[in-house]
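Engineer:
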Amino acid sequence: MESEDDADFARAIALSLEDKKKKRPQSPTKRSVVAPKRKAPVHEHEVVVISSDEDEEPIVEVSRPKKPLKISAKPEKKAEPSPPPPPAIGAGPLSLLGDRAQMERERLARQKRLRGPSPPPTASSADDDDEDVDESGSEGSARKRARLDASGSAIATKTAAAGGRRTFPTGAILRIETRHAERAETPGIRLTEILGPREDIEFAIISSYCIDLPWFYAFFDPATPVVLVGDPKLTPGADVMHTTLKNVFPNWVRVCPALANTAGHGCMHMKFMLLFSKSTGAIRVVVSTANLIQYDWRDMENYVYIQDVAKATPGRNMVKLLSGEKPGESFPAVLAGVLRGTGVEEALTIMLQQGHTSLPIETLGSGSSKTKSVLETGWDWTQGRAALVPSVAGKWEGWAGTRPVVGQGQTRLMRAVQTLGCALDQGGAVGKGKGKGKAYDLELDCLGSSIGTYSAPWLAAFRLCAAGRSTALQSWLDRSKKKVPAQTIPLRLLFPTLETIRNTKLGEPGGGTLFCRRTQWGKMSTLAADEGAKFEVRDARSRSGPVAMHTKMILGTLRLASSSTGKDEEEDSVTEDSSDDEIEVIEPKKPHAWIYVGSHNFTPSAWGNISGSGFNPVLNISNYELGVVLRLETPADADGVVAWERPARKYARGDVPWMQEESPFHPNSG
C-alpha cells in the first residue's frame, strides 16, 4: 500500500504535468510518466549496500562504436532499486554469524547507553535528518559554519556573500555535514546550501553513480530542465555498450555513457553538478565524493569541491592558464571534454528537440583544440586555482594526438601536479653562481572507500605520476619488466579497520558502501611486508568523530630532502648577484603539499593501467571518474581540508581491514 507521501508525490507530478500542458505547446514527442515510489529513509542500523566500483578482471580492448544512440521518449517506470533490507538474524545457515550479529547489537546498545540519550528532535532537525530539505539548519550549525569561515584554511574559506548565501569564487574544499559528526575540524556545508533556492536553478547537469530519484527530484522546481548522467548497469533498460538516453521525469533527460569493456566491467562513477543560476547567470561547479542518495549526505562522511564561476565580461579573456598549461588543458576545456565523453552533448540535443530552446548552454562545440567551447567563452574562470582530473573509460594512446594519455587518469594527475608547481623534477634553471637547486621528497596518503588489487609495477608508475616526473615515467615504460626497483616515495593506503567501523555510530550495518576483499588484503599484506616497496596500510578515522568515511582523497606532501642545500624556503626568490657573470635563478617556492578530492578511489580501474613504451604510452581505463587537485601552501592549509586523523594509526598485530563480505550484516555482498 502506498503511503500518504507516495500519494502526495504522485499528485504533485500529475499537477505539474497538467500545468505544463496549459503553459507550453505539446512536445512533438509523446511522453508519459509514472511516479516512482519514495524510498523509506535510512535509519540507524539499517544495512545499506552499494556495489563496488573496482573491477578485478583484465582489460579487454575493443573499438569504440561510432556514436550509436538509443533514444527513448518514454520515462522510466521503475525507481532506482532500494538498498537491500537488513537480514533476519538466524535465517542463515551459520549460527556463528547470528551469534556475532547479536553480540554486535548488544555492543551498540551498550555504546548508546554510555553516550547518553539523544536530545528530542525538533521539527526542523527531524526534517534535516530524514530529508535534508531545511535550508537554514539549526542556529548552532550556522554559528559553527561562521566560525570556520572566519578562521579556517585559505583553501576552504575564501568566500563571498551573495544575498546571504556563501559563494566560492576561487574554489573551496568542504566537508558534507552529517548527523553523526561530533566535531567540526574542517569547514562544512549541506546539500540544501549547495543547491540553493530551487527557483533560482535555471538548468542543471548532474552526474552520480547511483541516485535516489524521488528524493533528489524534490529539490528542484518541476519546470527546471535537468540532464542526469548515470551508470548504465544501475539503470533499467540501458545498454552497457551504447550511449542510452531516456526521459525519467518531465524536463529531465538521463544519459548513460557506454562502457569500454565488452565483458561489462567498469562503471560511470563520476559525481558532479553544474548548477546554472537564473538570477546571476553564474555556474556553480560541484565535484563530489558522494552519490545522490540520502545515506551519503546524512550518515556517511563525504567531501565536495565547490567553485562559483561568474558570467563572462565581454571583451575580456575568460581563462587564465596555470603555469605550463597548454590549449585544451584549462579547467573549462577539460570540463567540456568530460561532458562530451559522458554523452551530455547528445542529451542537450534531445533537450532542444523537446522544446528547451533557451538553455544557458545548448552545445559544447566541436572539441577541437583550435576552437574554444561555450564553457570557456561564456563564463569567467580566471579566479580558479584547481586543475580538473578526469578518467573517461576507454583506451588512450600517445603523448599527443586526439586521445593522448596526459588527458586522463593517473597521467592527467601528473600534468596537474606539474602545472600547479608541485612536481619533484620541475623548477627554475640554476645558472652559474653560488646557489644550488633544492631537492624535494614526496609522501603520499591515499584515502578511499574501495580497495583495489595492487601490484608493485602499478604502484611504481602511480608514484611517478603523483610526483609529476614525466621523464622518469618514460624511462620506466622502457625498463626491463623483470624487476621493480626499490621505491623512494612512501605510500600509505588509508582504510578503516574492522574495529574502527564497529566503533562508529552505525557500527557494521553502516559499512555497506566500503569495500575490501580478503584476497585484496592478502596482496596488500605481502606488499607491506617488503621494505623496499615503501607501502603501508593505515587506519582511516574521521576527524569529525565516530562516522565512517566515503571520502576519496589523496594528500601529496612535499618534504625538503635532507641532502638539499641552499637558502631557507622562506627566502626563495629571484636574485641577481653584483657580478654580471654570476646570475643565480632560484626556483619558485614549492607548496607544502597538493591535495586531490573527487570520485577516484585508489584503484587501477579508476586511475588506469599504463603500458606501452616511453615513446608511445597506452592507458586503459575502466571507469568514468572526476576530481580536482589544488596546492596547499602551508601545513595550516592542509589541516583545514584533510579528512582523516593524522598521523594515521598503523595497523597493529591482529588488525584487519573492514570486509563487508565477512560481516553478518551484509550476507549477500560476498
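Take the sequence shown: its letters are residues 1 to 670, numbered as in UniProt numbering.
Where is the CB? At the ideal position from N, CA and C, for every residue including glycine.
Please tell me whether F168 and I361 are closer than 9 Å, where the distance is taken between their beta carbons.
Structural biologist: Their beta carbons are not under 9 Å apart, which means F168 does not touch I361 by this criterion.
Engineer: Go ahead and label R316 buried or exposed: buried means 16 or more other beta carbons lie within 10 angstroms of its beta carbon, across all protein chains shown.
Structural biologist: Flag for R316 reads exposed.
Engineer: Any idea what DSSP makes of residue 688, helix, strand or coil?
Structural biologist: This structure gives no information on residue 688, because the portion of the chain shown stretches from 1 to 670.
Engineer: To the nearest angstrom, how far is the alpha carbon of E536 from that of D445?
Structural biologist: The alpha-carbon atoms of E536 and D445 are separated by roughly 10 Å.
Engineer: What does a CB cutoff of less than 6 Å around L473 pick up in its chain, not counting 5 residues either side in sequence?
Structural biologist: Correct list, in chain order: L464.
Engineer: Would you kindly work out how many angstroms separate the C-alpha atoms of V430 and K438, rounded to a whole number?
Structural biologist: Here the model assigns V430 a pLDDT of 27, short of 50, so the residue's position is not dependable and the matter cannot be decided.
Engineer: In chain order, what residues of the same chain lie with their CB nearer than 6 Å to the CB of N291, ignoring the 5 residues before and after it?
Structural biologist: Cβ within range, chain order: S208, Y209, C210.
Engineer: Between Q660 and G608, what straight-line distance do the alpha-carbon atoms span, to the nearest angstrom?
Structural biologist: Approximately 25 Å, taken between the alpha carbons.
Engineer: Since N668 sits in a beta bridge, which residues does DSSP pair it with?
Structural biologist: Answer by DSSP bridge pairing: none, since N668 is not bridged.
Engineer: Name the residue from A460, K370, I201, C422 whose alpha carbon lies nearest to the alpha carbon of G281.
Structural biologist: With distances taken between Cα atoms, G281 lies closest to I201.
Engineer: For D478, collect the residues of the same chain with a Cβ closer than 7 Å to its Cβ; drop the 5 residues on either side in sequence, then sort them by chain order.
Structural biologist: Cβ neighbours of D478 beyond the five flanking positions: S613, G614.
Engineer: On the three-state DSSP scale, how would you describe G612?
Structural biologist: Strand.
Engineer: Buried or exposed, going by whether 16 or more other CB atoms sit within 10 Å of the CB of S288?
Structural biologist: Looking at its Cβ environment, which holds 16 or more other Cβ atoms inside 10 Å, S288 is buried.
Engineer: Measuring CB atoms only, is the segment 518–533 touching the segment 549–559, in the sense that at least three cross pairs come out at less than 8 Å?
Structural biologist: Not touching, per the Cβ criterion.
Engineer: Cβ of L626 within 9 Å of Cβ of H592?
Structural biologist: Not closer than 9 Å, so no.
Engineer: Threshold first: 4 residues or longer. Then list the alpha helix (DSSP H) segments lying entirely within the segment 439–483, N to C.
Structural biologist: Whole alpha helix (DSSP H) segments, 4+ residues: 456–466, 470–477.
Engineer: Just how far apart, CA to CA, sit G598 and P314?
Structural biologist: Straight-line Cα distance between these residues: approximately 32 Å.
Engineer: Please look up how many angstroms separate the CB atoms of S391 and I610, rounded, as I've assumed it's under 8 Å.
Structural biologist: Wrong, their Cβ atoms sit about 12 Å apart, outside the cutoff.
Engineer: When we look at the beta-carbon of N668 and count the other beta-carbons within 10 Å, is it buried (16 or more) or exposed?
Structural biologist: That one is exposed.
Engineer: Let me check you understand the geometry: is the CB of P257 closer than 8 Å to at least one non-hydrogen atom of the ligand GDP?
Structural biologist: The ligand GDP is absent from the structure shown, which contains no ligands of any kind.
Engineer: On the criterion of 16 or more Cβ atoms from any shown chain inside 10 Å, does R183 qualify as buried, or is it exposed?
Structural biologist: Classification of R183: exposed, given that the 10 Å Cβ count is below 16.
Engineer: Do L494 and G448 have their beta-carbon atoms positioned less than 9 Å apart in this structure?
Structural biologist: Yes, the Cβ-Cβ distance between G448 and L494 is below 9 Å.
Engineer: Taking only the alpha-carbon atoms, compute the straight-line gap between A652 and L228 and give it to the nearest angstrom.
Structural biologist: About 44 Å.
Engineer: Just the C-alpha distance for I595 and Y303, rounded to the nearest angstrom, thanks.
Structural biologist: Going by the C-alpha atoms only, they are around 12 Å apart.
Engineer: If you compare alpha carbons, which of V253, D221, A310, A258 is closest to K233?
Structural biologist: Cα-wise, what sits closest to K233 is A258.
Engineer: In chain order, what residues of the same chain lie with their CB nearer than 7 Å to the CB of Y217, ignoring the 5 residues before and after it?
Structural biologist: For Y217, where only same-chain residues beyond five positions count, the Cβ hits under 7 Å are F249.
Engineer: With burial defined as no fewer than 16 other Cβ atoms inside 10 Å of the residue's Cβ, what is the status of G421: buried or exposed?
Structural biologist: By the neighbour-count rule (16 or more Cβ atoms within 10 Å), G421 is buried.
Engineer: Spell out the partners DSSP gives M553 in its beta bridges.
Structural biologist: According to DSSP, M553 bridges with L447, V597.
Engineer: Look at the alpha carbon of I293 and the alpha carbon of V547, and state the distance between them as a whole number of angstroms.
Structural biologist: I293 and V547: Cα-Cα distance of roughly 17 Å.
Engineer: From the DSSP output, in three-state form, read off D568 for me.
Structural biologist: At D568 the pLDDT is 41, less than 50, meaning the model places this residue with poor confidence; the figure from the coordinates comes in the next sentence. Three-state DSSP puts D568 in coil, outside helix and strand.
Engineer: Got a sec? Which residues, its chain only, sit under 8 Å from T371 by beta carbon, not counting five neighbours each side?
Structural biologist: Closer than 8 Å at the Cβ level, and outside the excluded window around T371, lie G365.
Engineer: May I have the straight-line CA-CA distance separating L375 from T526, to the nearest angstrom?
Structural biologist: The alpha-carbon atoms of L375 and T526 are separated by roughly 47 Å.
Engineer: I need the DSSP call for K505, collapsed to helix, strand or coil.
Structural biologist: In the structure shown, K505 sits in coil (DSSP, three-state: anything other than H, G, I, E or B).
Engineer: Measuring straight from C-alpha to C-alpha, what distance separates D231 and K246?
Structural biologist: Answer to the nearest angstrom: the Cα atoms are 13 Å apart.
Engineer: Can L459 and L491 be called in contact, C-beta distance under 9 Å?
Structural biologist: Yes, they are a contact pair.
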